[in-house]
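These protein sequence lines are chains A and B, in that order. Whatever position you read off the first sequence (first residue = 1), add 10 for this note's numbering. Whatever position you read off the second sequence (first residue = 1), add 10 for this note's numbering. The beta carbon of each residue, even a glycine, is placed where N, CA and C say it ideally should be. Below is one structure, written out as structure tokens, with a few remarks after it.
Number of protein chains: 2
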Amino acid sequence: MDLEGLEVEEREREDFAGYKLRPTLIVYARSEEDVVRVVKYARERRIPLVPWGAGTSLTGATSCEGCILLDLSKMDKILEINDVDWYVRVQPGVNLARLNEELERKGFFLPPDPASSFLCSVGGAVVEGSGGMRAVKYGSFKEWVLAVRVVLADGTAVKLGEPLRKNRAGYDLVHLMVGSEGTLGVLTEAWLRITPLPRKKVITVMAFLRDSEAAANVILGLRKARVLPEFSEYMDVDVIKALNRHLSAGLKESEGGVLLIAVEEDQLDDVLNVVKVNSQELVMAEGEEAEKLYSLRAQAAIALKAEAAGAKFLAEDVVVPVSKLPEAMMKLKQMETKYGVRMPVIAHIGDGNLHPNIMVREDASATQLFEEVARMAVEMGGSVTGEHGVGVQKVNVMREQVLRSNGERVLSLMLGIKRLFDPEGILNPGKYVEAAAASRRLT
Amino acid sequence: MDLEGLEVEEREREDFAGYKLRPTLIVYARSEEDVVRVVKYARERRIPLVPWGAGTSLTGATSCEGCILLDLSKMDKILEINDVDWYVRVQPGVNLARLNEELERKGFFLPPDPASSFLCSVGGAVVEGSGGMRAVKYGSFKEWVLAVRVVLADGTAVKLGEPLRKNRAGYDLVHLMVGSEGTLGVLTEAWLRITPLPRKKVITVMAFLRDSEAAANVILGLRKARVLPEFSEYMDVDVIKALNRHLSAGLKESEGGVLLIAVEEDQLDDVLNVVKVNSQELVMAEGEEAEKLYSLRAQAAIALKAEAAGAKFLAEDVVVPVSKLPEAMMKLKQMETKYGVRMPVIAHIGDGNLHPNIMVREDASATQLFEEVARMAVEMGGSVTGEHGVGVQKVNVMREQVLRSNGERVLSLMLGIKRLFDPEGILNPGKYVEAAAASRRLT
């Protein structure tokens, strides 16, 4: 097995989060056959193989030292949009925003929307089990992947599952691949469920909040009123300032930050009732105006990246039970003070998914703060990662969570699955589950 | 390890589908500790252990010859209804209809509704990955299980997952348990997602159809109009007759059968446009009247059971892509004629999930017909089971499907997972994946 005829490259790369990649070789795949060849090549030579979609992992999932980097960005075809069976079949390299544009033309959408839609690949979103801005109503990618094709570690290409919402023929291997972070197989195709665009008028409420407790109070109020929003996003005052500074957003810099809550018209009164008492100022938007607000929120991470001015910053991704939001938001403020570092918070607050961003170069105290935030989530019955995954960044805290909340046997079962799918340790080795089970500290 | 102090029984049982169970011993568990004791007891003595919820499996999932039958029906507590974090925590023996009554009192529901809700246990629905009448909009149990507690084959009790909609800390073992049919662990607790009851007015349209092509045409028409119904159910004329005969339903015995389609008010016109041209008669209902129709549909299997007059009948559970419905419905009619047996069809037709019921005692030709129906589904890119699972009934056809559609490696990976979780083959052995991989023919 050699790589003749395949497009290869020898150079270093850096991903969106600033992780350095030093592959032995970058190989571009244009078909599943190419993937099979590269996997077999890597396996014969026992070289770690790391799949790359668009490089937007925030946890170093594609980090690589002496690996073969398998670049799937040129496998970017939308193979089928089925408007009767309501699925789309795609190659992994398709850009997620582009996919949704195509779907919208036919009256459909694929709801989960990592704020990086305009950058990320569908394949990355699938294997990372990405979530994002509409998960509060529609769930994360976990709930939208029907079936996949993967190349296994021995070079066998297989299909897992069927493009059907109901299929009970065998154990659910599809959901093992969702969130496998390239460690169990290389994704070459996915069938994703699609659904009609909402028929009802959706209204976006932008609420500039009085104080730091307001955001959590609003979300609890909405839960009690049984409001099911399309999305409910939060940015604190530091994030607003970064948006104003770097993207000329022109948003009011209210002390308590800003909430963006979109709901169908018949739930609007309930939202306003809850929001009004907690806000300094309210704006309501629909149509294009609402889309502008949504895309501003989507660019918050870009604004923070600009704010970091080239320095790497640590993006947290913890989840706390919604009922624990008031306590969690308070504790984050306390930690910011205790460590004396800025930690602007972006949040999919409606589902308790918080992204405090530690705005310092990685060092001992940043790592300590990072772990303290994660530990808080675990102690509250939450999770150290809602959607970014584990990669190398969250190995220790994932280990802590699983040991504390699930038990050591569970970690060893996960490792058993890795060994079952990849006995020789070829696929993205030494990270995620494998690393967490080995208890090695990675940076 | 002994069973002192546990409630035990020595007798035979029959499940809802008529499978005979001849356990060495029936043990009633009242707590997770009891389950741990029984699993350890079985393991020490190498006796197969079969968990029992309410005995409503249709595939012989709890069949047992010389097993220890672990009866979980007395673990029937609703442990927590959390109306802020939107989950319910239950023991496996809770009746599903009872659970939904409790939830409704607080303004919530757990949408997936196997037509056997009034009989089945939540635990059974989870480990079978049950679907039912609202899956067309809300999906099956797969989409509603957040986390579980299970007792593993070595007697270790663990939690898998977290009661959070977003959690990416590790491989998804929760979805391995959903649909594991008691072969990977014994479920002792589940956290299930709940959602607010619909706010909008829902209207049920009952359409008595002109001819046998009408049902499929209506569903295709609804798909093209991008209508997303609450449910869309079908019963053919033989099912109507059984309902009239045994439950005095008083339904019109229209040649093309009857559709029950429920939609939010703003989609009603689209439904009527599609339905009218295909129907002899239309009835519209809401509120209590609609509930009566829904519960009539839920009792269709009971009516067929009465029709069978004590004889066992074969309940199919195939899925075809919605786009293949016209062809599938036609082929079912042809097979009925070819074999000269009655095969009344109940269907969650909106998601292509068909239940032709072969109304003869099991014999060679019934088995042949059963397999022909399943094969048709596989050839159409469908599945041999949408929601009933595999048990012993569908071992051969599941094997065919996986070999044909997924590949032999996939079957061996599934078997690898069984061995990983249950190396000594204690948990519900010799069925489902294990049997399909071994290619033994079970009856």
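DSSP lists A:Arg99 and A:Ala157 as the beta-bridge partner residues of Trp201 of chain A.
Beta-carbon to beta-carbon, Asp280 of chain B and Val237 of chain B are separated by about 5 Å, close enough to satisfy the 8 Å threshold.
Among the residues of the segment 346–373 of chain A, those with a Cβ less than 9 Å away from any Cβ of chain B are His358, Asp361, Gly362 and Asn363, in the order of the chain. With contacts defined by Cβ atoms closer than 8 Å, Ile88 of chain A and Glu112 of chain A form a contacting pair. By the Cβ neighbour-count rule, Asn283 of chain B is exposed, with fewer than 16 other Cβ atoms within 10 Å of its own. With 16 or more other CB atoms across the displayed protein chains lying within 10 angstroms of its CB, Glu346 of chain A is buried.
Lys251 of chain A and Glu263 of chain A have their alpha carbons spaced roughly 7 Å apart.
In terms of beta-carbon proximity, Asn406 of chain A stays away from the interface with chain B, with every pair separated by 8 Å or more.
Leu197 of chain A counts as buried, since at least 16 other C-beta atoms from the protein chains shown sit within 10 angstroms of its C-beta. Contacts with chain B at 8 Å (Cβ-Cβ) do not include Asn105 of chain A. For Glu265 of chain B, there is no enclosing alpha helix (DSSP H), since its DSSP letter is neither H nor E. Comparing alpha carbon positions, the residue from B:Thr69, B:Cys74 and B:Glu42 closest to Arg21 of chain B is B:Cys74. Excluding sequence positions up to five before and after Met353 of chain A, its CB lies within less than 6 Å of the CB of Glu346, Pro366 and Ile368, all in the same chain and listed in chain order. Our two residues, Ile57 of chain A and Arg419 of chain B, have alpha carbons roughly 23 Å apart in a direct line. Out of A:Glu223, A:Lys116 and A:Glu326, the CA that lies nearest to the CA of Asn288 of chain A is found in A:Glu223. Between Glu19 of chain B and Val37 of chain B, the alpha-carbon positions lie close to 6 Å from each other. Scanning chain B for C-beta atoms nearer than 9 Å to the C-beta of Thr66 of chain A yields nothing, as the closest lies near 15 Å away. Between Leu202 of chain B and Pro33 of chain B, the alpha-carbon positions lie close to 31 Å from each other. For Gln290 of chain B, the three-state secondary structure derived from DSSP is strand. DSSP places Ile229 of chain A in the helix class (H, G or I) of the three-state scheme. Put simply, the CB of Tyr181 of chain A is near chain B, with a gap under 8 Å to one of its CB atoms.
Around the Cβ of Gly171 of chain B, a 10 Å sphere holds 16 or more other Cβ atoms; the residue is buried.
When the beta-carbon positions are compared, Ser150 of chain A and Gly139 of chain A come within less than 8 Å of each other. At least one CB of chain A lies nearer than 8 Å to the CB of Ala145 of chain B. Taking C-beta atoms as the reference points, Arg159 of chain A and Lys152 of chain A fail to come closer than 8 Å. Between the alpha carbons of Ala295 of chain B and Thr214 of chain B lies a distance of about 5 Å. Against chain B, the CB of Leu79 of chain A has no partner CB under 8 Å away; the residue lies outside that interface. The beta carbons of Arg178 of chain B and Gly396 of chain A sit about 6 Å from each other, so the pair counts as a contact at 8 Å.
Listed in chain order, the positions of the segment 207–220 of chain A with a beta carbon within less than 9 Å of a beta carbon of chain B are Leu207, Arg209 and Lys210. Unbroken beta strand (DSSP E) stretches of 3 residues or longer found wholly inside the segment 23–106 of chain B: 30–32, 35–38, 59–62, 78–81, 88–92 and 97–100, given in chain order. For Lys404 of chain B, the secondary structure class from DSSP, reduced to helix, strand or coil, is coil. Ala374 of chain B is bridged by DSSP to nothing; it lacks a bridge partner.
Within the segment 116–187 of chain B, complete beta strand (DSSP E) segments of at least 3 residues are found at 155–161 and 167–171, given in chain order. For Gly76 of chain A, same chain residues with a beta-carbon under 6 Å away, outside a window of 5 residues either side, are Thr34 in chain order.
Of the candidates A:Asn92, A:Arg99 and A:Ala319, the residue whose Cα lies closest to the Cα of Met85 of chain A is A:Arg99.
CA-CA distance, Ser190 of chain A to Asp93 of chain B, rounds to 32 Å.
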